[in-house]
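Have a look at the structure below before the remarks.
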Amino acid sequence: TGGWLFPSFQMCGVMVSGSDESTPSVIYHCVLRGLERLLLSEQLSRLDSESLVKLSVDRVNVQSPHRAMAALGLMLTCMYTGKEKISPSRATDGNPAAPDSESVIVAMERVSVLFDRIRKGFPFEARVVARILPQFLDDFFPPQDVMNKVIGEFLSNQQPYPQFMATVVYKVFQTLHSTGQSSMVRDWVMLSLSNFTQRTPVAMAMWSLSCFFVSASTSQWISAILPHIISRMGKSEQVDVNIFCLVAIDFYRHQIDEELDRRAFQSVFEVVASPGSPYHHLLTCLQNVHKVTAC
Numbered sequence: 003t004g005g006w007l008f009p010s011f012q013m014c015g016v017m018v019s020g021s022d023e024s025t026p027s028v029i030y031h032c033v034l035r036g037l038e039r040l041l042l043s044e045q046l047s048r049l050d051s052e053s054l055v056k057l058s059v060d061r062v063n064v065q066s067p068h069r070a071m072a073a074l075g076l077m078l079t080c081m082y083t084g085k086e087k088i089s090p091s092r093a094t095d096g097n098p099a100a101p102d103s104e105s106v107i108v109a110m111e112r113v114s115v116l117f118d119r120i121r122k123g124f125p126f127e128a129r130v131v132a133r134i135l136p137q138f139l140d141d142f143f144p145p146q147d148v149m150n151k152v153i154g155e156f157l158s159n160q161q162p163y164p165q166f167m168a169t170v171v172y173k174v175f176q177t178l179h180s181t182g183q184s185s186m187v188r189d190w191v192m193l194s195l196s197n198f199t200q201r202t203p204v205a206m207a208m209w210s211l212s213c214f215f216v217s218a219s220t221s222q223w224i225s226a227i228l229p230h231i232i233s234r235m236g237k238s239e240q241v242d243v244n245i246f247c248l249v250a251i252d253f254y255r256h257q258i259d260e261e262l263d264r265r266a267f268q269s270v271f272e273v274v275a276s277p278g279s280p281y282h283h284l285l286t287c288l289q290n291v292h293k294v295t296a297c
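The numbering of the sequence shown is our numbering, which starts it at 3 and goes up by one.
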């Protein structure tokens with residue numbers, strides 16, 4: 003096996019790296035599937051496996067969506083096989099050896115490729131990547147290492163598919179809730195609020211905040227309205243303002259325990275509130291919450 007595997011492997015790499023014209027699509031896909039099978043059979047040396055990772059990352063960035071998605075499968079296979087999986091997020095779960103910083107940096111470079119594909123790809127590509135991204139992040143990274151990236155991508159004005167990133171935020175937050183890390187969800191929401199209120203136009207800021215608060219909620223009833231909220235992206239009708247206030251108050255009442263944090267929550271919206279704005283309406287609702295509590 004060793005006599006012919008290496009040159010054949012190298013030839014496969016050359017074929018996959020070729021242009022669309024030099025390598026027909028059928029052959030391209032067949033070669034990628036074959037390379038995946040080689041990885042899973044553990045017949046490749048570590049050096050060859052590392053070469054495959056670099057090759058797959060490079061191919062995920064190609065212009066052709068079909069070739070990029072095929073290469074994504076190879077990249078994930080590379081990451082999930084024993085040779086490549088570092089799984090920092092599982093370092094404390096029965097694995098006393100913490101991942102070294104270099105491994106985390108390398109893995110972060112590879113996950114950046116996925117974020118780039120959401121931003122630059124066609125809608126169907128973005129939908130596919132957004133669907134697998136939350137589980138991928140959970141498998142390979144501690145949440146504190148990726149939350150800033152996830153929230154930043156959701157808020158970015160260069161992000162053409164915020165509706166897909168909204169589902170990523172939701173799934174990441176729900177995973178934290180299910181693993182007893184609700185305090186981290188609360189902290190990230192409080193830390194990010196001012197970034198959300200600075201988004202323009204106000205309709206998009208309100209929509210983003212609504213998605214954010216729903217994602218942070220532990221109520222199945224609140225979670226159930228996320229698809230409806232996502233479908234109303236960019237709208238600013240009375241129903242949208244009402245939903246925004248509903249989910250914001252849900253977060254205020256059920257996620258924030260300390261009075262100091264409640265004051266900080268209010269102060270973020272006081273800075274940007276103007277008469278008739280959604281933020282002004284929210285502050286009025288919060289005053290009513292206090293009156294009911296006082297009674």
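For glycine and all other residues, C-beta sits at the position ideal for the given N, C-alpha and C.
| task | Please state whether DSSP places Q160 in a helix, a strand or coil. | result | coil
| field | Reference L40; option with closest CA among C14, Q176, R234 | value | C14
| CB S47 to CB C80, shorter than 7 Å? | no
| field | Host alpha helix (DSSP H) of V132 (start-end) | value | One point to set straight first is that residue 132 is Ala, not Val, in the sequence displayed. Segment 125-142, the alpha helix (DSSP H) holding A132.
| task | Would you mind working out which of C287, K237, D242, S233 sits nearest D252, comparing C-alpha positions? | result | C287
| task | Can you tell me which of the three DSSP states R234 falls into? | result | coil
| Which stretch, first to last residue, makes up the alpha helix (DSSP H) that contains E44? | Unbroken run through E44: none, as it is neither H nor E.
| message | Whether or not the stretch 204-213 and the stretch 229-236 are in contact is what I'm after, with contact meaning three or more pairs of Cβ atoms, one per stretch, closer than 8 Å; do they touch? | response | yes
| Selection from F156, F142, Y82 that minimises the alpha carbon distance to F117 | F156
| Other residues of its chain near S212: CB distance less than 7 Å, five sequence neighbours each side excluded | I231, I245, F246, V249
| query | Do the stretch 161-173 and the stretch 131-150 meet, that is, are 3 or more Cβ pairs less than 8 Å apart? | reply | yes
| said: Taking only three categories from DSSP, how would you classify N63? | reply: coil
| query | Thinking just about the alpha-carbon of each residue, which of A218, V273, L195 is nearest to the one in S180? | reply | A218
| query | Considering only C-alpha positions, which residue in the set L34, Y82, S210 is nearest to A70? | reply | L34
| request: Spatial neighbours of L1 within its chain, please: CB distance less than 7 Å, with the 5 preceding and 5 following residues excluded, ordered by chain position. | output: The structure shown does not extend to residue 1, since the chain is modelled only from 3 to 297, so the question has no answer here.
| Does DSSP put P98 in a helix, a strand or coil? | Summary for P98: the model assigns pLDDT 43, below 50, so the residue's position carries little reliability, and this model does not support an answer.
| query | Considering R255, what are the terminal residues of the alpha helix (DSSP H) in which it resides? | reply | 240-256
| request: Assuming S196 contacts V291 (C-beta within less than 8 Å), just tell me the rounded distance between them. | output: In fact, because the Cβ distance is near 21 Å, the residues do not count as touching under 8 Å.
| Integer Cβ distance of V216 from L228, believed to fall under 8 Å | 5 Å
| Inter-residue spacing [alpha-carbon to alpha-carbon] between A109 and P125 | 25 Å
| Rounded C-alpha distance that separates R121 from D263 | 34 Å
| query | Roughly how many angstroms lie between the CA atoms of L193 and S66, to the nearest whole one? | reply | 38 Å
| message | According to DSSP, simplified to helix, strand and coil, what is P203? | response | coil
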